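Peer 1: To convert a position in the sequence shown, counted from 1, into the working numbering, add 22.
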Amino acid sequence: MGLEERVDTRNKQGKFNQTSTICKHAFSDLTHIAPLVFIYLLKACYFNGTYKATKKFRVLQEQVHLVLRNDPQPGPATFVIQCLYVLPIFDLYSEGFSHLVISALRRFLKMETSTWDSLEAKDLASQLFIDIVGGSVNHDERIVEKILEAFDIQLANIDKVMCLSAKNDCRFDTAKKFVEQYIFGLIESQSYMTAVTLLEHFSIRQSGQSFLLSMIESKQLKAADKWATFMGKPMLCVLVQEYFDRNMLKNAYEIIQKNNLRHEFPSVYHKYKESSLKKLAEKGCWDVAEARTNSNRQLLEYLVYLAMEAGYSEKVDELCDRYSLEGFLNAKVPEASLLHSRFLHLSELVVEGVVWVDEVNALHNATSHIEGCKVVGLDCEWKPNYVKGSKPNKVSIMQIASDKMVVIFDLIKLFNDIPDVLNDSLTRILQSPRILKLGYNFQCDMKQLAHSYEELECFKHYEMLLDIQNVFKEPRGGLSGLAKKILGVGLNKTRRNSNWEQRPLTQNQLEYAALDAAVLIHIFRHVRGHSQTAEGEGHVKLEWKSCIVSHMDNIKKSKKGSKKESSDAETKEDQQFS
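In structure tokens, the structure reads:
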């Protein structure tokens, strides 16, 4: 009876796959083996096996199933119950092996069963349930659930065993009271899901709205949903209203959808849809938001309103033209001064404006200008791709801001027309140790640039990078939140996910792109201009120089790249930027 043998296991399609070394005993004849000996052999098999735990479980489950087919006495179902009685003495292995033998039995019973054995096993399983509830047998409440389900134990079965058993002290005059007392104990210990499962299994409907509220307040929402579904439409309506009153719109919407309650709660349904559109709009996912309206005019009008509120005039025009919403537009135009005051504008930051670079002469001029700067801000934009699992689109533009202007490089056109000149120009900028490059979470842009333009060397190495995010360590709000904190007003991010591959870009797109790079210069000025002390940081000194990365390699094979944050770098900053 060797331990290392080959075992056949089934894959998801039900076909057999031959596996190598899982330690198992020769379970060839277990007709008269005692449950205790069988569990001991199972433990030895698991303990000495060479597979990982999950695969061991599957292989052993297959072996238990084979054992049950080998006609253990007095019968397969009874044999499993006897195993469950002895399993608690195996301590750490008890719960896992209990799940193992029960799942194997359920699989076995689907294929073949003996009526006599099943009836005897049901009485024995009912007694096991009584013993577990009474505390004489120690099993987890999840095992209790599986025992009740696998053996289909009903109140009549428990009542039968209680009447026949001399062990009971008749504290409960009926099986229902006995079960209810156990369930109330589960509720008191806030094991709500198990309690709900048992209430549903035994068709006990006594608990009401207060029970539902307790589950919601304890954030056991799956249990609350299961209980309300079991209780029926009136309780489901209570649940939806509770979710709505607590502003849990998504939960309310899911219950409405799952149980066809849209006519009962039209306002809740619509409010969730609007909330969903607003979140997408705030993320700049306008195309996704439009698709989510399903051409519903009321939702489309709300989306247009969101676009107007955000100052996204071209999106307003696009939606109104596509869905004939001109009448709505005339009635709902918001005040321009209101929109203008909510966000930072490019005119407040840049003196000479924005320069578009898409041909060789403009590229040379822009490179010469940037090489004369000590500090520049960097950012990139690319067209979003909403197809799950697909590759992201190429980086379309790169913005580089100086004190006086923002240069926007049309990377797609420049790469197609003059790749060598583009590579040389950006290498002189990005790999210059004399220019401090500011970014915000720029590593994401670096990776995207490297993937988009693998042939170019300029995006494989960087010199003198300072990620502003690392200086302030803002946990929320992104660059817009940081700008609002430092400069008093945030950025309008509604065009973040617009079509950056269209040519020409709209004026609003150009301003959005330029602003993301230019604002980094002004935030950096704040860092240096207040004696390196930020009021928003509670007068804590901002150690920005220690955050500078003097050299970084953007190579796919290297996860960490090459970083040098040395005293030499800080010395250069003292000379150049202080």
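Glycine is no exception: its CB is placed at the ideal position from the N, C-alpha and C atoms.
Only a predicted model underlies this, so the values are computations on that prediction, with no experimental measurement involved.
Taking the alpha carbon of residue 386 as the point to measure from, which residue in 165, 423, 444, 341 has its own alpha carbon closest?
Peer 2: As a position in the sequence shown, residue 386 is number 364, starting the count at 1. It is 444 whose Cα lies nearest to the Cα of residue 386.
Peer 1: According to DSSP, residue 487 sits in a beta bridge with which residue or residues?
Peer 2: Here residue 487 is taken as the residue at index 465 of the sequence shown, counted from 1. DSSP output for residue 487 lists 459, 571 as bridge partner(s).
Peer 1: Once you ignore the five residues that flank residue 223 on each side, which residues in its own chain have a CB closer than 6 Å to its CB?
Peer 2: One-based indexing of the sequence shown puts residue 223 at position 201. Taken in chain order, the residues that qualify are 170.
Peer 1: With a 10 Å radius around its C-beta and 16 neighbouring C-beta atoms as the bar for buried, classify residue 111 as buried or exposed.
Peer 2: Translated into the one-based positions of the sequence shown, residue 111 becomes position 89. Exposed.
Peer 1: If residue 388 and residue 542 are in contact, beta carbons under 8 Å, what's the gap, nearest whole angstrom?
Peer 2: Within the sequence shown, numbered from 1, the residue matching residue 388 stands at position 366. Within the sequence shown, numbered from 1, the residue matching residue 542 stands at position 520. With 8 Å as the limit, residue 388 and residue 542 do not qualify as a contact, their Cβ atoms being about 18 Å apart.
Peer 1: I'd like the list of long-range same chain contacts for residue 115, defined as Cβ closer than 6 Å, with 5 residues on each side in sequence excluded.
Peer 2: Here residue 115 refers to the residue found at position 93 of the sequence shown. So the list reads 65, once near-sequence residues are dropped.
Peer 1: At a threshold of 8 Å, does residue 61 count as lining the ligand FAD (C-beta to nearest heavy atom)?
Peer 2: This structure does not include the ligand FAD; it has no bound ligands of any sort.
Peer 1: Go through the region 366 to 419 residue by residue and report every complete run of the beta strand (DSSP E) that reaches 3 residues or more, in order.
Peer 2: Whole beta strand (DSSP E) segments, 3+ residues: 376 to 379, 397 to 404.
Peer 1: Would the region 391 to 406 count as touching the region 448 to 462 if we require 3 or more Cβ pairs under 8 Å?
Peer 2: Enough Cβ pairs lie closer than 8 Å, so yes.
Peer 1: Three-state secondary structure (DSSP) at residue 194?
Peer 2: Reading the sequence shown from its first residue, position 172 is the one you call residue 194. Bear in mind that a pLDDT of 48 at residue 194, under 50, signals an unreliable position, so the number given afterwards is only what the model happens to contain. In the structure shown, residue 194 sits in coil (DSSP, three-state: anything other than H, G, I, E or B).
Peer 1: Looking only at DSSP bridge pairs, what is residue 512 linked to?
Peer 2: On the sequence shown, residue 512 is found 490 positions in, with the first residue counted as 1. 365.
Peer 1: Would you identify the three-state DSSP class for residue 558, choosing helix, strand or coil?
Peer 2: On the sequence shown, position 536 is the one that residue 558 refers to. Here the model assigns residue 558 a pLDDT of 48, short of 50, so the residue's position is not dependable and the matter cannot be decided.
Peer 1: Rounding to the nearest angstrom, what Cα-Cα distance links residue 480 and residue 417 in this structure?
Peer 2: By 1-based counting over the sequence shown, the position of residue 480 is 458. By 1-based counting over the sequence shown, the position of residue 417 is 395. Looking at the two C-alpha atoms, the distance is approximately 14 Å.
Peer 1: If we cut at 9 Å on Cβ distances, does residue 292 have a partner in chain B?
Peer 2: Structure shown: chain B not included; a single protein chain is present.
Peer 1: Assuming residue 174 is part of the alpha helix (DSSP H), what are its boundary residues?
Peer 2: For the purposes of this step, residue 174 is taken as residue 152 along the sequence shown, with counting starting at 1. Taken as a continuous stretch (DSSP letters only), residue 174 belongs to no alpha helix (DSSP H), as it is neither H nor E.
Peer 1: Do residue 378 and residue 520 count as a contact pair if the criterion is CB distance below 9 Å?
Peer 2: Here residue 520 refers to the residue found at position 498 of the sequence shown. Here residue 378 refers to the residue found at position 356 of the sequence shown. No, the pair does not count as a contact, with Cβ atoms beyond the cut-off.
Peer 1: Mapping the DSSP letters down to three states, classify residue 162 as helix, strand or coil.
Peer 2: Here residue 162 refers to the residue found at position 140 of the sequence shown. It is coil, neither helix nor strand.
Peer 1: Here's the rule: buried if 16 or more other CB atoms are within 10 angstroms of the residue's CB, otherwise exposed. What is residue 486?
Peer 2: Position 464 of the sequence shown, counting from 1, holds the residue named residue 486. Buried is the call here.
Peer 1: Determine the contact status of residue 326 and residue 302, defining contact as a CB-CB distance below 9 Å.
Peer 2: Against the sequence shown, residue 326 aligns to sequence position 304. Against the sequence shown, residue 302 aligns to sequence position 280. Their beta carbons are not under 9 Å apart, which means residue 326 does not touch residue 302 by this criterion.
Peer 1: Which term fits residue 517, buried or exposed, when burial requires 16 or more other beta carbons within 10 angstroms of its beta carbon?
Peer 2: Here the question's residue 517 lines up with position 495 in the sequence shown. Residue 517 should be labelled buried.
Peer 1: I believe residue 289 touches residue 271 by the beta-carbon criterion, under 8 Å. Please report the beta-carbon distance rounded to the nearest angstrom.
Peer 2: As a position in the sequence shown, residue 289 is number 267, starting the count at 1. As a position in the sequence shown, residue 271 is number 249, starting the count at 1. Not quite, the Cβ-Cβ distance comes to about 11 Å (not below 8 Å), so this is no contact.
Peer 1: Based on the DSSP secondary-structure assignment, which residues constitute the bridge partners of residue 431?
Peer 2: On the sequence shown, position 409 is the one that residue 431 refers to. The partner list for residue 431 (beta bridge, DSSP) reads 379, 420.
Peer 1: Note down, one range per segment and in chain order, each alpha helix (DSSP H) of at least 4 residues found wholly within the region 231 to 293.
Peer 2: Counting only runs of 4 or more, we get 231 to 239, 243 to 253, 255 to 267, 271 to 280.
Peer 1: Once the 5 residues before and after residue 322 are set aside, which same chain residues still bring their CB inside 6 Å of it?
Peer 2: Numbered from 1 along the sequence shown, position 300 holds the residue referred to as residue 322. Closer than 6 Å at Cβ, skipping near neighbours: 315, 345.
Peer 1: Pop quiz: residue 161 and residue 120 are said to be a contact at Cβ under 8 Å. What is the actual Cβ separation, rounded to whole angstroms?
Peer 2: If you number the sequence shown from 1, residue 161 lands on position 139. If you number the sequence shown from 1, residue 120 lands on position 98. Right, their Cβ atoms sit about 7 Å apart.
Peer 1: Between the C-alpha atoms of residue 127 and residue 62, what's the straight-line distance to the nearest angstrom?
Peer 2: Residue numbering aside, residue 127 sits at position 105 when the sequence shown is read from its first letter. Residue numbering aside, residue 62 sits at position 40 when the sequence shown is read from its first letter. Cα to Cα, the separation comes out at about 18 Å.
Peer 1: Give the secondary structure of residue 308 by DSSP, where H, G and I count as helix, E and B as strand, and everything else as coil.
Peer 2: For the purposes of this step, residue 308 is taken as residue 286 along the sequence shown, with counting starting at 1. Helix.
Peer 1: For residue 545, tell me which candidate among 91, 491, 146 has the shortest Cα-Cα distance.
Peer 2: Translated into positions along the sequence shown, residue 545 becomes position 523. The candidate whose alpha carbon is nearest that of residue 545 is 491.
Peer 1: In three-state terms, what does DSSP make of residue 481?
Peer 2: Counting from 1 along the sequence shown, the entry for residue 481 is found at position 459. In the structure shown, residue 481 sits in coil (DSSP, three-state: anything other than H, G, I, E or B).
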